[in-house]
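Just below is one structure, and these are the notes that go with it.
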Amino acid sequence: MIDIHCHILDGVDDGASDLRESIAMAKVAHEDGVRHIVATPHFNTVYHVPKSITYHKVRQLQDALQEAGIPLTVSCGHEVTLKDAEQFYKQTENNEYFHLNEEKTFLLLEQPWAGYMPDSLEVIDYLIANGVTPIIPHPERHVFFREEPKLLTGLIERGAWTQVSADSLAGRNNEDARRLALWLLENDLVHTLGSDAHNIRRKPNLGEGYQIIVEHAGEARQHEIIQRMALIIPEDGSSNKNPVTA
Ligand SMILES: [Fe+2]
0 MIDIHCHILD
10 GVDDGASDLR
20 ESIAMAKVAH
30 EDGVRHIVAT
40 PHFNTVYHVP
50 KSITYHKVRQ
60 LQDALQEAGI
70 PLTVSCGHEV
80 TLKDAEQFYK
90 QTENNEYFHL
100 NEEKTFLLLE
110 QPWAGYMPDS
120 LEVIDYLIAN
130 GVTPIIPHPE
140 RHVFFREEPK
150 LLTGLIERGA
160 WTQVSADSLA
170 GRNNEDARRL
180 ALWLLENDLV
190 HTLGSDAHNI
200 RRKPNLGEGY
210 QIIVEHAGEA
220 RQHEIIQRMA
230 LIIPEDGSSN
240 KNPVTA
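At position 239 of the sequence shown the residue is numbered 238 (numbering that gives the first Met the number 0), and the sequence of numbers has no breaks.
Below you can see the structure in the form of structure tokens.
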């Protein structure tokens with residue numbers, strides 16, 4: 000399995016507190032069957048983790064995992080929060096954030112928690128026109144998507160993908176989030192699955208998420224999701240062999 004959303008890097012945002020916790024998270028993920036984690040620290044106004052720090056922390060963690068005998072690849076990514084379209088275009092032109100893959104064809108693009116970003120459609124058109132598929136993390140956790148799912152389906156119609164969190168499917172976020180996550184699953188609108196793990200309590204749990212997907216939507220649906228994930232990070236590791244390009 001591949002995890003495309005994980006705050007495994009230590010001391011950079013609200014994720015792992017120290018390197019020991021990062022290694023412990025990696026161990027849990029590996030035991031769960033994960034072989035590749037894209038480290039996605041926040042890229043927003045509260046936690047603005049620059050590429051240089053992300054790069055350094057990924058290398059440090061990869062070395063530590065090798066030393067600990069945990070065969071798991073970690074590569075650079077970001078969870079970019081969309082707040083202001085002009086600022087986002089500028090950050091994109093300046094190459095300030097990491098996509099989810101070396102080819103820069105997928106981007107984890109979060110909505111603000113305060114409310115739906117009004118220029119979202121325009122930004123998605125811009126990204127799609129530039130060969131980038133935006134992946135919206137945990138839409139089921141945003142109140143405005145729960146109240147108005149059309150806001151989300153509108154983004155999907157323009158080419159965005161969703162990333163539902165395993166914790167939401169398991170009912171660990173709240174009942175409303177679980178309800179929207181299951182509704183998305185029933186309507187074939189779960190494009191990818193992520194853990195959004197932050198520490199050893201809010202831990203990597205993709206296996207649990209996939210199990211719920213199989214129970215509610217069948218093995219064929221699980222297979223489709225896994226195939227989509229392989230478009231981001233191929234299972235044979237042909238992408239992100241050199242996981243860091245600062
Ligand atoms: Fe996150």
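Glycine is no exception: its CB is placed at the ideal position from the N, C-alpha and C atoms.
Remember, predicted model here, so these are calculated numbers, not experimental data.
Can you look up residue i in the DSSP assignment and give me helix, strand or coil?
i           : result
residue 226 : helix
residue 156 : helix
residue 151 : helix
residue 2   : strand
residue 219 : helix
residue 14  : coil
residue 120 : helix
residue 208 : helix
residue 97  : coil
Using alpha carbons as the reference points, say which of the options lies closest to residue i.
i           : options           : result
residue 84  : 223, 102, 110     : 110
residue 154 : 170, 174, 126     : 126
residue 31  : 172, 73, 15, 0    : 0
residue 133 : 175, 87, 222, 178 : 87
residue 184 : 156, 163, 108, 75 : 163
residue 228 : 193, 122, 203     : 193
residue 75  : 38, 119, 14, 173  : 38
residue 181 : 171, 167, 12      : 167
State the Cα-Cα distance for the pair residue i and residue j, rounded to the nearest angstrom.
i           : j           : result
residue 40  : residue 201 : 15 angstroms
residue 94  : residue 231 : 19 angstroms
residue 161 : residue 67  : 34 angstroms
residue 130 : residue 211 : 32 angstroms
residue 218 : residue 209 : 9 angstroms
residue 62  : residue 18  : 11 angstroms
residue 169 : residue 207 : 8 angstroms
residue 144 : residue 151 : 6 angstroms
residue 138 : residue 222 : 21 angstroms
residue 3   : residue 99  : 7 angstroms
residue 10  : residue 80  : 19 angstroms
residue 23  : residue 199 : 7 angstroms
residue 28  : residue 190 : 21 angstroms
residue 16  : residue 7   : 9 angstroms
residue 82  : residue 42  : 11 angstroms
residue 187 : residue 148 : 14 angstroms
residue 114 : residue 77  : 21 angstroms
Buried or exposed: where does residue i fall if 16 or more other Cβ atoms within 10 Å of its Cβ makes it buried?
i           : result
residue 45  : exposed
residue 117 : exposed
residue 70  : exposed
residue 146 : exposed
residue 128 : exposed
residue 73  : buried
How close, in whole Å, do the beta carbons of residue i and residue j come, if the pair is a contact with beta carbons under 8 angstroms?
i           : j           : result
residue 56  : residue 96  : About 15 angstroms separates the two Cβ atoms, so there is no contact after all.
residue 205 : residue 159 : Not really, about 21 angstroms apart at Cβ, beyond 8 angstroms.
residue 157 : residue 135 : With a Cβ gap of about 11 angstroms, residue 157 and residue 135 do not count as contacting.
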